[in-house]
Amino acid sequence: MPQCRLHIIIGSTRPGRRGPAVARWIHTLAVSHAGFDVRLVDLADVGLPLLDEPHPPRSGRYVGYGGVAAGARAVQALIPVVTALEMVPLAQAVHVPFVRRSFTDGRFHAASGLEGDAHRVLDDLLRLATTGPAARTTTSAAG
Numbered sequence: 000m001p002q003c004r005l006h007i008i009i010g011s012t013r014p015g016r017r018g019p020a021v022a023r024w025i026h027t028l029a030v031s032h033a034g035f036d037v038r039l040v041d042l043a044d045v046g047l048p049l050l051d052e053p054h055p056p057r058s059g060r061y062v063g064y065g066g067v068a069a070g071a072r073a074v075q076a077l078i079p080v081v082t083a084l085e086m087v088p089l090a091q092a093v094h095v096p097f098v099r100r101s102f103t104d105g106r107f108h109a110a111s112g113l114e115g116d117a118h119r120v121l122d123d124l125l126r127l128a129t130t131g132p133a134a135r136t137t138t139s140a141a142g
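Using numbering that gives the first Met the number 0, you'd call the opening residue of the sequence shown number 0 and step up by one each time.
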């Protein structure tokens, strides 16, 4: 069976952002997990206009890292977006609370338990990627 394609997207483009280090951490875990053709996509490299201001208006941080809520509210806000794009959101997520505390000398260090959370999410992604096409075919045939 061919490997499933997994894109890890760094969504923040602000100067001083923490996302690249967190993304590199999950990228390393995903590559070692096997079963995925993993690609790291940095929106700062894409050159999107007007997204690099130091303090853009926002209500939360993106994809599971931030303060006390660890980005959970931002992740929940994205569910309608990914659903509209016909993507399937997973119930499991990896949340890094108080992300600044996870950095020493500019390097990200995952807190206890985060690696286990990440492996559970990767397992769920792989399970969905391998069973999802059959489920979509069955649903399409029935509809």
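Each residue gets a CB set at the ideal place from its N, CA and C atoms; glycine is no exception.
Between the stretch 7–14 and the stretch 89–99, the count of C-beta pairs closer than 8 Å stays below three; the two stretches do not touch.
Annotation for T82: P88 place their beta carbon closer than 7 Å to its own, counting only its chain and skipping 5 residues before and after. DSSP places D44 inside the alpha helix (DSSP H), whose first and last residues are 42–45. For H26, the uninterrupted alpha helix (DSSP H) run begins and ends at 18–32, by DSSP. DSSP, read as helix, strand or coil, puts H6 in strand.
Taking 8 Å as the cut-off, the beta carbon of F107 is found no closer than this to the beta carbon of A43. Residue pairing by DSSP places F102 opposite F107 in a beta bridge.
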